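Working notes, beginning with the structure itself.
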Amino acid sequence: MRFLILVWFSLISLSIGSQNVVITGKVTSAGQQPVEGANVALQGTTCGTTTNANGVFEFSCATKFPAKIVVSMVGYATVEKDLKSADEARELSITINMTNQQLERVDVTSQRSQTSFQKLDARHARMVVDASGGIESLLKTQMGVSSNSELSSQYRVRGGNFDENMVYVNNTEIYRPFLIRAGEQEGLSFVNPDLVESLEFSSGGFDASYGDRMSSVLDVKYKKPQETAGSLSAGLLGASGHLEGSAFKGKFTHVTGARYKTNQYLLGSLDMKGDYAPSFFDVQSYLTYKANDQLSFDFMGYYAQNRYHFVPQNRETSFGTISEVKKLKVYFEGEEDDRYQTGLFTGAMNYRPNEQHLFRLSGGTYRSFEEESYDILGEYWLQEVLGGEGQSNDLVEDIGVGGYLQHARNELLGVVSHFALMGNHFFDHHIIRWELKYQRESFDDYLNEWEIRDSAGYSVPGNSDGLKLAYAYNAQLHTQSNRFSGYVKDDQFFDLPHGKLNLNYGIRAAYWDFNREWIVSPRLNLSYVPSAHPQSRYRFATGLYYQAPFYREIRTPSGVVNRDIESQQSFQILLATDRFFSWGDQPFKFTAEAYYKHLRNLIPYQVDNVRIRYSGENNAHGYATGLDLKLNGEFVPGVESWAGISLMRTAENIENDAYTIQDDQGNPVTIHPGYIPRPSDQRINFSLFFQDYLPNNPSLRVHLNMLYGTGLPFGPPNSERYKAVNRMPAYRRVDMGLSKDLLGLLNGNTSTSQPGFFKGAWLELEIFNLFNFNNTISYFWVTDVENRQYAVPNYLTSRRFNLKLSVTF
129 MRFLILVWFS
139 LISLSIGSQN
149 VVITGKVTSA
159 GQQPVEGANV
169 ALQGTTCGTT
179 TNANGVFEFS
189 CATKFPAKIV
199 VSMVGYATVE
209 KDLKSADEAR
219 ELSITINMTN
229 QQLERVDVTS
239 QRSQTSFQKL
249 DARHARMVVD
259 ASGGIESLLK
269 TQMGVSSNSE
279 LSSQYRVRGG
289 NFDENMVYVN
299 NTEIYRPFLI
309 RAGEQEGLSF
319 VNPDLVESLE
329 FSSGGFDASY
339 GDRMSSVLDV
349 KYKKPQETAG
359 SLSAGLLGAS
369 GHLEGSAFKG
379 KFTHVTGARY
389 KTNQYLLGSL
399 DMKGDYAPSF
409 FDVQSYLTYK
419 ANDQLSFDFM
429 GYYAQNRYHF
439 VPQNRETSFG
449 TISEVKKLKV
459 YFEGEEDDRY
469 QTGLFTGAMN
479 YRPNEQHLFR
489 LSGGTYRSFE
499 EESYDILGEY
509 WLQEVLGGEG
519 QSNDLVEDIG
529 VGGYLQHARN
539 ELLGVVSHFA
549 LMGNHFFDHH
559 IIRWELKYQR
569 ESFDDYLNEW
579 EIRDSAGYSV
589 PGNSDGLKLA
599 YAYNAQLHTQ
609 SNRFSGYVKD
619 DQFFDLPHGK
629 LNLNYGIRAA
639 YWDFNREWIV
649 SPRLNLSYVP
659 SAHPQSRYRF
669 ATGLYYQAPF
679 YREIRTPSGV
689 VNRDIESQQS
699 FQILLATDRF
709 FSWGDQPFKF
719 TAEAYYKHLR
729 NLIPYQVDNV
739 RIRYSGENNA
749 HGYATGLDLK
759 LNGEFVPGVE
769 SWAGISLMRT
779 AENIENDAYT
789 IQDDQGNPVT
799 IHPGYIPRPS
809 DQRINFSLFF
819 QDYLPNNPSL
829 RVHLNMLYGT
839 GLPFGPPNSE
849 RYKAVNRMPA
859 YRRVDMGLSK
869 DLLGLLNGNT
879 STSQPGFFKG
889 AWLELEIFNL
899 FNFNNTISYF
909 WVTDVENRQY
919 AVPNYLTSRR
929 FNLKLSVTF
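With this note's numbering, letter number 61 in the sequence shown gets 189, and the count goes up by one each step, no holes.
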C-alpha cells in the first residue's frame, strides 16, 4: 500500500504547467436555434463532447492557455474560437452557419478522457431495428458484444455472462429481475431511450470508479432539458411517450417517460403455440433543481410491472439432417403466470463550493418482487420421417412417446439500498475523484420447483423403489448483508516532447460482511497521441477486476446458500489503437483492441435461454482472449454506419471433475477433462449497422442491422459441466427498417426545419428476420425409457413486420 501511495504522489508531481478548466457554452444556428449533436473539442487534446438537445455543452480538461475551441458538424461550417484564459471558457456563445449540405451530424471521434470508453449516439438506438428494442439493441452491434436472442435485451461481453455487465443511470447502478428464465418473459429493459442525453460504453479495461464486475460498463445520463418538448410513438409491439421541460428560469428541469410493450405478435411465430398474453409497462422520471450556483438536487423514480401469461396448446418441431429428419409433437395442458414488479427511487444533493471542488451525497432503494407460477403437463411423440425431408407426413415412425409435468411456485423479494458520498477535485494539473459507499441487501426467496418425466408409462429416471422426480428444489431462504466500498482515482494530461499522454489510474476496495471478504482492485489506463500523427491514438489498460457475488451466485441450484463463496477474479490486459482518417471527403475511424483475461475463483454455471444456474462454488479457473476490430464512419455521406468483427476464446478448468471409464481390457482409466469451453465461448461475432437514403430525397431512409455469431456450447440439463461441449448452430439475423419523414412529405421538401408544433414525424416499417433464419436459443430434452436423450431445438422468431409512427414536438 505504501508503494502505491508513493507511485501516486510521484505521478502527480510529474504533471506541471497545465490548468484544469470547466468549459461550458451553447451552440446555435444563424437563426438562433439550438444545434444538437455538434462536436465541441479543445484543439490538440482528447477533450471534448457533443451538444445536447438544447445546444448546450460542458466538459473539463487540463490545458495551457492560450487554447482553441473547435466546433464542427456535418452540414455546417467549422468554427474556431480562441481562449486566452480560463475566464473566457465559461458560458461561451457560438454560432455556426449551414453549408449547402443539410444532413445529420455524425460523430466518429471519441473525445472522452477515460481511454477505455466509447461515446455512443443515443439517437442511433431508435434506428437500429431489433425486436427487443431499447438501448441494448445498439450495444449488440458494438465491439466485443454478442447476443443470440432477439427476444432478450441481455448481452455478453468478451466471454462474460449477463451478470458480469454493469449499467449505471445517473450514477446509480441498475439491477435486473432474478427469476426470469426466457427472453419472452423479460419485457422492457430499464433504460428509456427517450430520456437519454449521453451514452458511454466500455467493453473492458474501465477505471476504478466503476464497481465490481468483470466484463463491461454502460454509463447513461438522462436529460436536463431547457425547453418544453416531447415525443409519442406507437406500433404493433407497443407504445411510448415522454415529456420534458424546465421552469423557474431553468432552475428546475424534468423529463418523464412511459412505455408499454407486448411481444404477443412476435411470440405467435414460435413453434410453441398457445395463448400468449404478455404485458410490460414502466414509467420513470428524472427531476433536477438548482437552488444556486453552489447547491443543486436531482431525483429519479422508476416503476415497472411486467406480466407473462401463457396457456400452451401444442408444439411441432422438425429437426435433424436432410437425410435423417425427426419430428417432435407435444400437446399441453395447464398454464404459466409470471409477475415481476420492480421499483427504484434515488435522490442526490450536489454541492460545489467553487469551480475546483464538487461533492455529491446520494442515496436510493431498489425493490423487486417476483412471482413465478406454472403447472404444465405435456404429452409428446418423437417421430422419424422415413425417407428424409420432403416426404409425406404419413411416412413416420414413432421412436419415443412419453410425458412430463412441470410445477413451480417461486417467489423472491429483493431490496437493495445504498448511500454514497462522492467528491471531484479539479487542480491545476490533475483531477481527483473518490467515493465512499454503503449498501444493504436483503433477499427473501421461496423456492418450490419440480419436474416428473415419463416414457412409455415408466418413470424417468427409473427407480424400482418408487417414484423419482427428474429434479426437485424446495427451500425457504432469507439473507441480509452489508457492503462497504470506495475508490480514488486521478486523471492527468502530460505534454511530452513528441506527443500527449493521458493517464488515468486508481484503486478500488470493498468489504462484504456476508463472507467477511476484502477485495482490492488497482487499475491503470494510458492513452498516447503522437505529435507527428495526431490522427492516431494508442491505448493500454490493465487492472484487477472482481465479480463480487450477488444473490444468484451464492445460491446453489438445489436452494442452498454458500456463505463461504468468494469473489471471482479477472486480471486484464488491453492493447488498442484508434485511427482517424478520411476516405474521399468522408470521416472514418478504425479501432483495434486485443485483450487477455486471466480468470480465478470462477463459479461454474450453465445457461438455459437467459437463466443462469450457478454451481455456488469457487472451483474453477480459466481465461478469455480475443481481438476486436471496428470501422465506423460515413459510408454514405451524412449518416454514420459501422461494421465490426470479434474473435474470442474462453475456457475454464473445473477442479475435481475427473471421471472413470474402462479401457479395452476392462481396466479403469481416470479421465481429466481439463479446459472446456465456457458457456459464453462464442468464437466469432460479426455485426453491421448500415444507413442509406435516396440522394434526391434524404428523408426516405433505410436501416440495415446484421448479426452473426458462431454456436455456443451446450450439454444435457442437470449434468456435469464437462459434458457441455456440443455446439449450437450459428446465430444469423438480418433486420431492416424503412423510414419516411412525414413532415418533409407534407411540406413538399426534404427538410424538417419548418416552424410548427411538430418538430418531426416519422413512419417506419420494420422487417424482423428478413431472411427467415431458424435460430436456436436452447434445447428441449426428450428422454426415452432406455434413458436415451434427444436434444430438440427451441427455435426463435421467424419473419415478422412492424409498422410504427413516431412524432416529436
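C-beta atoms are modelled at their ideal positions from N, C-alpha and C, and glycine is treated no differently. Since the structure is predicted, the reported quantities are computational estimates derived from the model, not experimental observations.
Item: Cβ distance (whole Å) where Gly-272 is taken to contact Arg-806 below 8 Å; Value: Rounded, the Cβ-Cβ distance is 15 Å, inconsistent with contact.
Item: Sufficient close CB pairs (3 or more, under 8 Å) joining the region 276-285 to the region 814-824; Value: no
Item: C-beta contact flag for Ala-704 and Glu-721 at 7 Å; Value: yes
Item: CB of Met-342 within 7 Å of CB of Gln-790, strictly; Value: no
Item: C-alpha distance - Lys-352 paired with Glu-325, whole-angstrom precision; Value: 8 Å
Item: Beta-carbon proximity of Asn-737 to Gln-697, cut-off 7 Å; Value: no
Item: Straight-line gap, Thr-390 to Leu-828 (C-alpha atoms, nearest Å); Value: 28 Å
Item: Pair within 7 Å by beta-carbon distance, Arg-739 and Arg-309; Value: yes
Item: Burial state of Gln-602, where buried means 16 or more other Cβ atoms lie within 10 Å; Value: The amino acid occupying residue 602 in the given sequence is Asn; Gln does not appear at that position. Asn-602 comes out exposed.
Item: Bounding residues of the alpha helix (DSSP H) (the contiguous stretch that carries Arg-467); Value: Element bounds for Arg-467: not the alpha helix (DSSP H) but the beta strand (DSSP E), 453-482.
Item: Residues near Arg-691 by beta carbon distance below 8 Å, same chain, minus five either side; Value: Phe-642, Asn-643 and Ile-682
Item: First through last residue of the beta strand (DSSP E) which encompasses Arg-561; Value: 558-583
Item: Classification of Thr-788 by the beta-carbon crowding that lies within 10 angstroms, buried from 16 upward; Value: exposed
Item: With 16 other Cβ atoms within 10 Å as the buried cut-off, status of Val-234; Value: Confidence is the limiting factor: at Val-234 the pLDDT is only 38, short of 50, which leaves the residue's position unreliable and the question unanswerable from this model.
Item: Run of the alpha helix (DSSP H) containing Ile-682, from where it starts to where it stops; Value: 679-682
Item: CA nearest to the CA of Phe-460, picked from Phe-716, Phe-473, Pro-440 and Thr-416; Value: Pro-440
Item: Own chain, CB closer than 8 Å to Gln-917, minus 5 neighbours either side, in chain order; Value: Pro-844, Trp-909, Val-910 and Thr-911
Item: For Trp-646 and Met-129, the rounded distance between their alpha carbons; Value: Unreliable placement is indicated for Met-129, whose pLDDT of 40 sits below 50; no coordinate value is reported for it.
Item: Alpha-carbon to alpha-carbon, Ala-919 and Thr-449; Value: 13 Å
Item: Residues bridged to Ala-259 (per DSSP); Value: Paired residue(s): none; Ala-259 is not in a bridge.
Item: Identity of the residue in Arg-435, Asp-785 and Ser-686 nearest Gln-604 by Cα; Value: Ser-686
Item: Beta-carbon contacts of Leu-266 that lie in its chain and below 7 Å, excluding the five residues immediately before and after; Value: Leu-248, His-252, Ala-253 and Val-256
Item: Alpha-carbon spacing of Gln-246 relative to Gly-333, whole angstroms; Value: 12 Å
Item: Bridge-paired residues (DSSP) for Tyr-338; Value: Its beta-bridge partners do not exist; DSSP assigns none.
Item: Identified DSSP bridge partners for Phe-185; Value: Gly-153
Item: C-alpha gap between Phe-899 and Leu-816, whole angstroms; Value: 16 Å
Item: Beta-bridge partners of Leu-828, as assigned by DSSP; Value: Lys-868
Item: Contact between the region 291-298 and the region 363-372 (3+ Cβ pairs under 8 Å); Value: no
Item: With 16 other Cβ atoms within 10 Å as the buried cut-off, status of Leu-307; Value: buried
Item: Ser-138, buried or exposed, once every other Cβ within 10 Å from all chains shown has been counted against 16; Value: With a pLDDT of 38 at Ser-138, under the threshold of 50, the predicted position of this residue should be treated as unreliable, and no value is reported.
Item: Burial state of Asp-335, where buried means 16 or more other Cβ atoms lie within 10 Å; Value: buried
Item: Tyr-393 - containing beta strand (DSSP E), residue span; Value: From DSSP, Tyr-393 is part of no beta strand (DSSP E) but of the alpha helix (DSSP H) over 392-395.
Item: Distance CB(Ser-244)-CB(Asn-552) smaller than 7 Å; Value: no
Item: Beta-carbon proximity check, Val-862 vs Gln-819, cutoff 7 Å; Value: no
Item: Gln-714 beta carbon less than 7 Å from that of Pro-662; Value: no
Item: Straight-line Cα distance separating Tyr-204 from Gln-229; Value: At Gln-229, the pLDDT of 38 sits below 50, so the modelled position is not reliable; the number obtained from the coordinates is stated separately. Their backbone Cα atoms lie some 8 Å apart in a straight line.
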